[in-house]
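Peer 1:
In the working numbering, the protein residues as written are 164 to 430.
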C-alpha cells in the first residue's frame with residue numbers, strides 16, 4: 164500500500180505557475196522594445212503568431228525575469244498577435260500588438276480604368292493609400308487608410324503618370340473616332356497619283372491612332388475596287404495609276420464614317 168502511494172506521487176506532473184506580464188501595455192516595437200515576465204526557475208521557450216507569419220523571438224533570463232525581444236531585419240506585418248510562452252507541456256498565451264520602428268511611408272496612386280478613350284467618359288477613379296518599407300498600410304488624412312476620388316481628365320491623348328517617379332502609375336488616353344475624312348488627290352510620279360485622306364482627327368482634335376484601318380472604294384465603269392491601308396501620322400494614303408482612277412469616283416471610310424465623293428479628272 165505504501166509502495167503504490169509513492170508511485171502515484173512520483174507520476175504527478177509538476178505544475179507551472181503562469182508568468183506574470185510586467186509591461187504596462189501589451190505593445191512592442193520590433194528591434195526596440197522588450198516584453199518582460201516574472202517567472203519561476205523553469206526553462207522557457209517563446210514564439211509569436213501573427214496573422215501571416217510565425218516568429219521566434221530572442222529570450223533571456225535574469226533571476227526571476229524572462230525578457231522577450233522580437234528582432235527582424237526585414238520588419239514584420241504589424242497588428243494584433245499572440246505570444247506563447249512554453250515550459251514543457253505547459254503553454255501560456257498573451258495577446259500583444261507588434262509594430263515596426265517608424266519608417267518613411269510611400270504614397271501609391273492607383274487609377275481605373277488604366278486606358279481612357281475620348282469617345283467615352285473621361286471620369287477616372289483614383290484610390291490613394293500609403294505603405295511603409297515593410298508593406299504595412301499607413302494612415303492618410305483623417306486617419307483613413309484609403310482615399311477615393313473621381314477625377315475628370317482633359318481629352319488630350321498621351322501616356323501620363325499619376326506619380327512622376329512611378330511607371331506602375333501610368334495611364335493612357337487614346338483618341339476617339341474620326342469625325343470627318345478630308346479626301347484629296349496629290350501629285351505622284353511615273354504616271355501615278357496619291358489618294359490622301361487626312362488630317363484625321365477626333366472630336367477634340369487629337370490625331371486618330373496609328374494603325375487605324377482605312378478603306379478606299381474606287382468606282383469606275385460600273386465596277387468597284389476596294390483598297391485598305393492603315394493610318395500613319397493622322398493620314399491614310401494609297402498610290403494608283405492614272406488609268407485606274409481617271410473618271411472614277413473615290414470614297415474613303417473609317418469605321419462608320421465616310422468621306423465625300425471625289426471624282427478624278429486627268430489634267
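All C-beta atoms in this analysis are idealised placements derived from N, C-alpha and C, irrespective of residue type, glycine included.
Can you tell me the Cβ-Cβ gap for residue 203 and residue 227, rounded? I've got them flagged as a contact below 8 angstroms.
Peer 2: Counting from one through the chain shown, the residue named residue 203 turns up at place 40. Counting from one through the chain shown, the residue named residue 227 turns up at place 64. Confirmed, Cβ separation roughly 7 angstroms.
Peer 1: Throw me the rounded Cβ distance for the residue 401 and residue 392 pair, which I believe falls under 8 angstroms.
Peer 2: Position 238 of the chain shown, counted from the start, is the residue given in the question as residue 401. Position 229 of the chain shown, counted from the start, is the residue given in the question as residue 392. That pair is a contact at about 6 angstroms.
Peer 1: Three-state secondary structure (DSSP) at residue 169?
Peer 2: As a position in the chain shown, residue 169 is number 6, starting the count at 1. Since pLDDT at residue 169 reaches only 36, below the 50 mark, its modelled position is unreliable, and the value read off the structure follows with that caveat. It is helical.
Peer 1: Helix, strand or coil for residue 257? Go by DSSP, reduced to three states.
Peer 2: Residue 257 sits at position 94 when you count from the first residue of the chain shown. DSSP places residue 257 in strand when its eight states are reduced to three.
Peer 1: Output yes or no for whether 8 angstroms exceeds the beta carbon distance between residue 271 and residue 294.
Peer 2: Residue numbering aside, residue 271 sits at position 108 when the chain shown is read from its first letter. Residue numbering aside, residue 294 sits at position 131 when the chain shown is read from its first letter. Going by C-beta atoms, residue 271 is nearer than 8 angstroms to residue 294.
Peer 1: What separation, rounded to the nearest whole angstrom, lies between the Cα atoms of residue 427 and residue 410?
Peer 2: On the chain shown, residue 427 is found 264 positions in, with the first residue counted as 1. On the chain shown, residue 410 is found 247 positions in, with the first residue counted as 1. Taking the straight line from one Cα to the other gives about 5 angstroms.
Peer 1: Is residue 175 helix, strand or coil by DSSP?
Peer 2: Mapped onto the chain shown, residue 175 falls at position 12. Reliability fails at residue 175, whose pLDDT of 45 lies under 50, so the model's placement of it is uncertain and the value that follows must be treated cautiously. Three-state DSSP puts residue 175 in coil, outside helix and strand.
Peer 1: Are the CB atoms of residue 186 and residue 264 nearer to each other than 8 angstroms?
Peer 2: Counted from its first residue, the chain shown places residue 186 at position 23. Counted from its first residue, the chain shown places residue 264 at position 101. No. Outside cutoff.
Peer 1: If you measure between the beta carbons of residue 259 and residue 191, is that distance less than 8 angstroms?
Peer 2: In the chain shown, the residue the question calls residue 259 occupies position 96. In the chain shown, the residue the question calls residue 191 occupies position 28. Yes. Within cutoff.
Peer 1: To the nearest whole angstrom, what separates the beta carbons of residue 273 and residue 290, a pair I think is in contact under 8 angstroms?
Peer 2: The count along the chain shown starts at 1 and reaches residue 273 at position 110. The count along the chain shown starts at 1 and reaches residue 290 at position 127. Right, the Cβ-Cβ distance comes to about 5 angstroms (below 8 angstroms), so this counts as a contact.
Peer 1: Compare the C-alpha of residue 245 against each of 255, 212, 183 and 354 and name the closest.
Peer 2: Start at 1 with the first residue of the chain shown, and residue 245 comes out as number 82. Taking only the C-alpha atoms, the option nearest residue 245 is 212.
Peer 1: Where residue 220 and residue 310 are concerned, what is the direct C-alpha to C-alpha distance, given to the nearest angstrom?
Peer 2: As a first step, residue 220 is located in the chain shown; it is residue number 57 there, counting from the start. As a first step, residue 310 is located in the chain shown; it is residue number 147 there, counting from the start. Rounded to the nearest angstrom, the two C-alpha atoms are 36 angstroms apart.
Peer 1: Taking the alpha-carbon of residue 215 as reference, which of 248, 261, 424 and 332 has the nearest alpha-carbon?
Peer 2: Taking the chain shown and counting its residues from 1, the one referred to as residue 215 is at position 52. It is 261.
Peer 1: In the DSSP assignment, what are the bridge partners of residue 427?
Peer 2: One-based indexing of the chain shown puts residue 427 at position 264. Residue 427 pairs with nothing; no bridge assigned.
Peer 1: In or out: residue 308 buried (at least 16 other Cβ within 10 Å) or exposed?
Peer 2: On the chain shown, residue 308 is found 145 positions in, with the first residue counted as 1. Label assigned to residue 308: exposed.
Peer 1: Under 8 angstroms by Cβ, that's how I've got residue 422 and residue 414 pegged, so tell me the actual separation to the nearest angstrom.
Peer 2: For the purposes of this step, residue 422 is taken as the residue at position 259 of the chain shown. For the purposes of this step, residue 414 is taken as the residue at position 251 of the chain shown. Their Cβ separation, rounded to whole angstroms, is 6 angstroms, which keeps residue 422 and residue 414 in contact under 8 angstroms.
Peer 1: Can you find the residues in the same chain that come closer than 6 angstroms, C-beta to C-beta, to residue 277, ignoring five residues on each side of it along the sequence?
Peer 2: Indexing the chain shown from 1 puts residue 277 at position 114. So the qualifying residues of the chain are 334.
Peer 1: What number of angstroms, rounded off, separates the C-alpha of residue 329 from the C-alpha of residue 292?
Peer 2: For this step, residue 329 is matched to residue 166 along the chain shown. For this step, residue 292 is matched to residue 129 along the chain shown. Residue 329 and residue 292: Cα-Cα distance of roughly 14 angstroms.
Peer 1: Who are the near neighbours of residue 343 in its chain, counting only those whose CB is closer than 6 angstroms to its CB and skipping five residues on each side?
Peer 2: Mapped onto the chain shown, residue 343 falls at position 180. Closer than 6 angstroms at the Cβ level, and outside the excluded window around residue 343, lies no residue.
Peer 1: Identify which residue in 242, 224 and 208 has its Cα closest to the Cα of residue 189.
Peer 2: Residue numbering aside, residue 189 sits at position 26 when the chain shown is read from its first letter. Measuring from the Cα of residue 189, the nearest candidate turns out to be 242.
Peer 1: Should residue 361 be labelled buried (16 or more other beta-carbon atoms within 10 Å of its own) or exposed?
Peer 2: For the purposes of this step, residue 361 is taken as residue 198 along the chain shown, with counting starting at 1. Residue 361 should be labelled buried.
Peer 1: Alpha carbon to alpha carbon, how far is residue 375 from residue 283? Give it in angstroms, no decimals.
Peer 2: For the purposes of this step, residue 283 is taken as residue 120 along the chain shown, with counting starting at 1. For the purposes of this step, residue 375 is taken as residue 212 along the chain shown, with counting starting at 1. Distance between the alpha carbons of residue 283 and residue 375 is about 18 angstroms.
Peer 1: Report the start-end ranges of each alpha helix (DSSP H) in the segment 259–337 that is 4 residues or longer and not cut off at the edges.
Peer 2: Segments of the alpha helix (DSSP H) lying fully in the segment 259–337: there are none.
Peer 1: Can you give the Cα-Cα distance for residue 281 and residue 275, rounded to whole angstroms?
Peer 2: For this step, residue 281 is matched to residue 118 along the chain shown. For this step, residue 275 is matched to residue 112 along the chain shown. Distance between the alpha carbons of residue 281 and residue 275: 15 angstroms.
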